Structures are given as structure tokens and as C-alpha cells.
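J.: Have a look at this one before I ask anything.
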Amino acid sequence: MNNQITRRAALALAAAVPAFALGKPALADPIVIKFSHVVSPDAPKGKAALLFKQLAEKYTDGKVTVEVYPNSSLYKDKEELEALQLGSVQLLAPSISKFGPLGVKEFDVFDLPFLMSDDTRARQMMASPMMAELNKKLEDKGVTPLAYWDNGAHVYTANKPLIMPDDFQGMKMRIQGSKVLDAVARQLGAIPQIIAIGELYQALQTGVVDGEDNVPSNIWTQKFYDVQKYLTVSHHGRLTYSLVTNTKFWNSLPADVRPGLDRAVKESTDFFDDTAAHDNDAALEEIKATGKMEFHVLTETEKQAWIAALMPVHRDMQSRFGKDFIDRIYKASGFVPPQS
Ligand code: LMR
């Protein structure tokens, strides 16, 4: 018999014999987690997603492979939540201001202007027992929140200075999507428009909108400073993410994989908390250094004028969320409505 035929036959036989019959453990295909997000790999969320990948693969001994898709390369804002519910993607970390289309309106309450004064308070609030009932509402939609990542306070950017509430009159302002953000823009006399972050640079460049609000690390990594002239340090709102998974997928994970993933979630959350504030401070300095934007930090008097102008939104939202719920949120956030 010719040697080549014998070799081929041996290879075919080896391929047909199961690994266990040869005394080797079978190597199962790794579980693939697709983690899609809409910001730069250099933004805090982008960095935390990459760290999660590294830790999840390590702590599960390669039983899990994480594929990270940054910068809306897989799905944009609204699409990614639909994809999660359908199971086409397993992890996201969207802004909680974008949960409305899931049919969970309660998260919009966190957009009430000037609700949260500092980072510590904001984090405590998202970790408080009060969140259990909101988390349950997400779970009812097939979406499980694994952690909250607070990315800091919002500033405004625009193609004209925004110093006093009147400056917003007639401005076309991009909003993320929540009904509260819509009401804030309208209360200021602006025209709100929901635009996915992946389309925002172009919308600002072409004048589809005149301004937007965001955290400095996004303004830096998305290069909005190239297409916006003015930045107001207003800290009127916050950008909070929820690291969310598809409930069915998460609950069906094998028992030997879950502890490693839980540990990866915990450690990437700690990393995010250590990174966000630092990156926002650094981004402000970096934007300043480009010389492309004029900065204004709201004075206390200006801030009080903004709060007074926006209190009607707080009051109007009582009919949407219920006064009791808003009072509980005030208590948790430390917000004290000014005496009118
Ligand atoms: C935005 O849409 O401006 C942000 O929510 C984007 C993000 O995920 O940081």
C-alpha cells in the first residue's frame, strides 16, 4: 500500500474518532459574548469594555470569548437595545436616558436638571435599594442590569455661547432621547432633536443641530471640539450607563462560567469608577489646549438662574412619574427644590 494513502486513512480515522475515545478531554467551543457600544475605545466605557473582555476570558479559563464592537460599528443607539432583546448581542452599556423605547419610562427621571450634585451621591443613588424596583422593570423587558457606570456631569457645547437660559431660544439641540431631556430643551425655548451619537459629529458639522450636551470625555474622543465653538461647564445633568445583558442568555450560562463573569463585571465596574472622573478632567484640559473652543464655567448666580428657569420641568414631570416617586428621588439625590 502506498504510504500517502495510509497517512490519509490514518488522518481520516483520527478525525472520525471522538477525542474522549483517545483519552483527551473534548474542547467545547467557547461561549461568545458580543459587547457592542457607541463610543470610542479611548472613552471610559471603551476602556472598561476592553478590560471586561480581558478579565472575562481570563477568569473563565477561555470558556468565554468576548468580542467588543466600539463606536457604533455593530449597532447604533436605538438598534443596540433591540438587538439585545433579540439576543443578537449579549452585552451593552447604554446611557439610561435611552431606555424609554424599551417601554421603561422611569429611568428618564434621572435627567431632571441639576438633580445630582456630585459623583459620590450619583453613585450611591444608583447602588441604592431603590433601584431594585427599576431593575425589575428592565428585567420584565428581557434586559438584566449587571452594574451602573456613572460617567460624570454634562456640559453643553454649541455654536454660540450659552450663558443664560435665554441663550437657548431657537437653538436646535441634540438630545439623547429621554422625555425629560425633550422637556428641558423645550422649556429653554430650544428645538430638541434625538440623534444617535454615531451621527452626531456630522449633524453638528452640517448644522442639522446647533449644540448638544455631553461629558467632556465624549466631546474629546468624538472630536466635537472640531465642529463646536463654545463649551459651558454647566453640570446640569449626568451620563449614567447601565451594563446590561439579555436575561435569558445570562440565566442560561453554565454554573462554572458565571462566577468568573461576575468577577469581571465587578472589577471592570471598579475600573470605570476610577477612570471616569479623571478622563473628564483630562479631556477638558485637552480640549482647552486645542484652542478651538471658548470655555465658560457657570457662576453660582447663573446656575441659580438656570435652576429657576428649569423648575417647571420638575413640576410638570410629577404627572409623568408621580410626586411620591420624584420625592424619593430628591431624597436619594440630595436635591432640594428652591423655594418659589
Ligand atoms: C450620547 O448619546 O451622547 C451618550 O449617551 C453616548 C455614550 O454612550 O456615552
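For the record, in the sequence shown the residue sitting at position 160 is 907 according to the working numbering, with numbers rising by one throughout. Each residue gets a CB set at the ideal place from its N, CA and C atoms; glycine is no exception. Remember, it's a predicted structure, so these values are computed and weren't measured experimentally.
(1) According to the Cβ coordinates, are THR1037 and TYR972 closer than 8 Å?
(2) Could you give the distance in angstroms between the alpha-carbon of ILE1073 and the alpha-carbon of SER999?
(3) Pairing CB atoms from the region 775-785 with CB atoms from the region 816-830, are three or more of them under 8 Å?
(4) Measuring from the CB of LYS792, is there a heavy atom of the ligand LMR at a distance below 7 Å?
(5) Nearest-angstrom Cα distance between PRO1009 and LYS1039?
(6) Is it buried or exposed for HIS1025, if we count other Cβ within 10 angstroms and need 16 for buried?
(7) Candidates ALA1079, VAL1083, GLN1086, PRO1084: which alpha carbon is nearest PRO876's?
(8) Are there any heavy atoms of the ligand LMR lying less than 7 Å away from the beta-carbon of SER842, as far as the coordinates show?
(9) So, helix, strand or coil for GLN940, using DSSP?
(10) With contact counted as at least three CB pairs below 8 Å, one residue from each stretch, are the region 1016-1025 and the region 784-802 in contact?
(11) Buried or exposed for SER842, going by 16 or more other Cβ atoms inside 10 Å?
(12) Answer yes if the region 907-926 comes into contact with the region 1041-1049, meaning at least three C-beta pairs across the two stretches below 8 Å, and no otherwise.
(13) Measure how close the beta-carbons of LEU978 and VAL902 come, nearest whole angstrom, since I'm counting them as under 8 Å.
(14) Based on Cα-Cα distance, which residue from ASP913, MET872, GLN1051 lies nearest to GLN1086?
(15) Is ILE1054 a contact residue of the ligand LMR, with contact defined as CB to any heavy atom under 7 Å?
(16) Which same chain residues, not among the five before or five after GLU886, have their C-beta less than 7 Å away from its C-beta?
(17) Taking only three categories from DSSP, how would you classify PRO892?
(18) Starting from PHE1072, trace the alpha helix (DSSP H) in both directions and tell me its first and last residue.
(19) For the beta strand (DSSP E) that contains LYS1039, what are its first and last residues?
(20) Rank PHE996, HIS983, HIS1061, MET863 by C-alpha distance to the C-alpha of GLY1081 and give the top, closest one.
T.: According to the structure shown:
(1) Residue numbering aside, residue 1037 sits at position 290 when the sequence shown is read from its first letter. Residue numbering aside, residue 972 sits at position 225 when the sequence shown is read from its first letter. Yes. Within cutoff.
(2) Translated into positions along the sequence shown, residue 1073 becomes position 326. Translated into positions along the sequence shown, residue 999 becomes position 252. Roughly 36 Å between the two C-alpha positions.
(3) yes
(4) Residue numbering aside, residue 792 sits at position 45 when the sequence shown is read from its first letter. Because some heavy atom of the ligand LMR lies under 7 Å away, the Cβ of LYS792 counts as near it: yes.
(5) For the purposes of this step, residue 1009 is taken as the residue at position 262 of the sequence shown. For the purposes of this step, residue 1039 is taken as the residue at position 292 of the sequence shown. Before going on, a small fix: residue 1009 reads as Asp here, not Pro. Going by the C-alpha atoms only, they are around 43 Å apart.
(6) Reading the sequence shown from its first residue, position 278 is the one you call residue 1025. So HIS1025 ends up on the exposed side.
(7) Here residue 876 refers to the residue found at position 129 when the sequence shown is read from its first residue. Considering only alpha carbons, the answer is ALA1079.
(8) Along the sequence shown, one-based indexing puts residue 842 at 95. True, at least one ligand heavy atom lies under 7 Å from that Cβ.
(9) Working through the sequence shown from its first residue, we reach residue 940 at position 193. Strand, per DSSP.
(10) yes
(11) As a working note, residue 842 is residue 95 in the sequence shown. That one is buried.
(12) yes
(13) One-based indexing of the sequence shown puts residue 978 at position 231. One-based indexing of the sequence shown puts residue 902 at position 155. So it is a contact: roughly 6 Å between Cβ atoms.
(14) Translated into positions along the sequence shown, residue 1086 becomes position 339. Of ASP913, MET872, GLN1051, the residue nearest in Cα terms is GLN1051.
(15) For the purposes of this step, residue 1054 is taken as the residue at position 307 of the sequence shown. Answer for ILE1054: no, Cβ out of range of the ligand LMR.
(16) Here residue 886 refers to the residue found at position 139 of the sequence shown. Here the set comprises THR994.
(17) As a working mapping, residue 892 is identified with position 145 in the sequence shown. In the structure shown, PRO892 sits in a strand (DSSP, three-state: E or B).
(18) Counted from its first residue, the sequence shown places residue 1072 at position 325. Looking at the DSSP string, the run of the alpha helix (DSSP H) that includes PHE1072 is 1070-1080.
(19) Looking up residue 1039 in the sequence shown gives position 292. It is not in any beta strand (DSSP E) - LYS1039 carries neither H nor E in the DSSP assignment.
(20) For this step, residue 1081 is matched to residue 334 along the sequence shown. Closest option to GLY1081, Cα to Cα, is MET863.
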